[in-house]
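**Q** I have a structure I would like to understand better, so I am pasting it below and will then ask my questions one at a time.
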Amino acid sequence: MLLAIDLGNTNIKYGVFDGDELVASFRVSSRISRTADEYGSVLVGLLSDKGIKKSDIDGIIFSSVIPALNYTICHMCEFFFGISPIMIGPGIKTGLNIKAENPREVGADIIVNSVSAYNKYGGPIVVIDFGTATTFDVITEKCELLGVVIAPGIKTSLEGLATKTAQLPMVELDAPKTVIGKNTKHCMQAGIIFGFAGLVDNILNKIKNELGVDKLTVVATGGLGEIIAKEVKFITKVDRTLTLDGLKIIYNLNK
Numbered sequence: 005m006l007l008a009i010d011l012g013n014t015n016i017k018y019g020v021f022d023g024d025e026l027v028a029s030f031r032v033s034s035r036i037s038r039t040a041d042e043y044g045s046v047l048v049g050l051l052s053d054k055g056i057k058k059s060d061i062d063g064i065i066f067s068s069v070i071p072a073l074n075y076t077i078c079h080m081c082e083f084f085f086g087i088s089p090i091m092i093g094p095g096i097k098t099g100l101n102i103k104a105e106n107p108r109e110v111g112a113d114i115i116v117n118s119v120s121a122y123n124k125y126g127g128p129i130v131v132i133d134f135g136t137a138t139t140f141d142v143i144t145e146k147c148e149l150l151g152v153v154i155a156p157g158i159k160t161s162l163e164g165l166a167t168k169t170a171q172l173p174m175v176e177l178d179a180p181k182t183v184i185g186k187n188t189k190h191c192m193q194a195g196i197i198f199g200f201a202g203l204v205d206n207i208l209n210k211i212k213n214e215l216g217v218d219k220l221t222v223v224a225t226g227g228l229g230e231i232i233a234k235e236v237k238f239i240t241k242v243d244r245t246l247t248l249d250g251l252k253i254i255y256n257l258n259k
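Sequential numbering of the sequence shown, starting at 5, is according to the working numbering.
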């Protein structure tokens with residue numbers, strides 16, 4: 005079995021593949037203060053709940069956007085599973101031609117999502133990852149990462165609004181029935197959800213114009229992808245396992 009680890013700014017997502025099938029997935033919070041023992045103990049317990057033993061894991065791959073945690077995760081893999089993981093970075097085969105001015109600046113999550121989207125849906129394609137940041141990855145029909153757009157994340161924006169104002173609370177992120185709010189909760193939900201939907205539509209429209217295409221496949225991923233996709237006309241697919249699938253694809257290229 006393959007253990008795929010997606011180390012993000014807010015959460016770590018684990019996925020276990022038996023062949024091509026994703027048989028289990030888990031999510032825990034990303035904390036620099038946690039030790040390899042803490043991460044490993046929690047992961048082994050989560051695997052056990054799904055009937056998966058440590059000895060069932062024969063390969064590990066991970067991507068990370070928190071360099072300070074890389075050693076911790078590598079140490080956890082080696083200590084608990086006896087496996088040195090493949091880490092997404094320079095020298096790893098991906099099949100993706102990165103057109104950035106400095107390819108080393110491109111985040112591992114962007115690379116993995118781009119590889120996954122191209123292999124699953126073809127190109128040209130745009131991947132929107134609704135995470136701590138909102139990223140738009142633009143991939144051509146030749147599997148080239150043409151460029152990226154980075155905007156604030158939805159939860160990040162909400163947290164900033166709630167913590168920087170005296171009378172605005174944290175609210176759940178659901179789309180209200182109307183855009184004109186009648187109470188504080190309704191007003192904030194309308195501004196956040198419909199505001200981000202407008203941001204997404206506008207950026208996608210500009211991407212289409214720059215590419216000079218009439219049709220463009222757009223895949224949304226990340227925790228809030230489904231909510232925003234309902235409000236955006238250009239999003240054609242929501243894929244919650246896109247990143248984990250991409251890690252599996254890259255593992256198969258490098259194992």
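Yeah, the Cβ is synthetic: ideal placement off N, Cα and C, and Gly gets one too.
(1) Grab me the residues of P89's own chain with a C-beta within less than 7 Å of its C-beta, minus the 5 sequence neighbours each way, in chain order.
(2) Check whether the region 188-203 and the region 122-133 touch, using three or more Cβ-Cβ pairs below 8 Å as the test.
(3) Rounded to whole angstroms, what's the CA-CA distance from D195 to G164? Just pull it up for me.
(4) If distances are taken between C-alpha atoms only, which option among L100, Y43, F83 and E105 comes closest to L73?
(5) Under 8 Å by Cβ, that's how I've got S29 and L248 pegged, so tell me the actual separation to the nearest angstrom.
(6) For A137, which of helix, strand or coil comes out of DSSP?
(7) Nearest CA to the CA of V142: which residue from A155, G157, L177 and T221?
(8) Can you tell which of A224, T245 and M5 has its C-alpha closest to the C-alpha of T138?
(9) In terms of alpha-carbon separation, which member of I96, F238 and K17 lies closest to L26?
(10) Under the assumption that A179 contacts I231 (Cβ atoms under 8 Å), give the Cβ distance between them as a whole number of angstroms.
(11) Report yes or no: do three or more beta-carbon pairs, one from the region 31-50 and one from the region 98-116, lie closer than 8 Å?
(12) According to DSSP, what are the bridge partners of I64?
**A** The short version:
(1) I64, I65, F66, C78 and C81
(2) no
(3) According to the sequence shown, residue 195 is Gly rather than Asp. Going from the Cα of G195 to the Cα of G164 covers about 13 Å.
(4) Y43
(5) 7 Å
(6) strand
(7) T221
(8) A224
(9) K17
(10) 6 Å
(11) no
(12) L7
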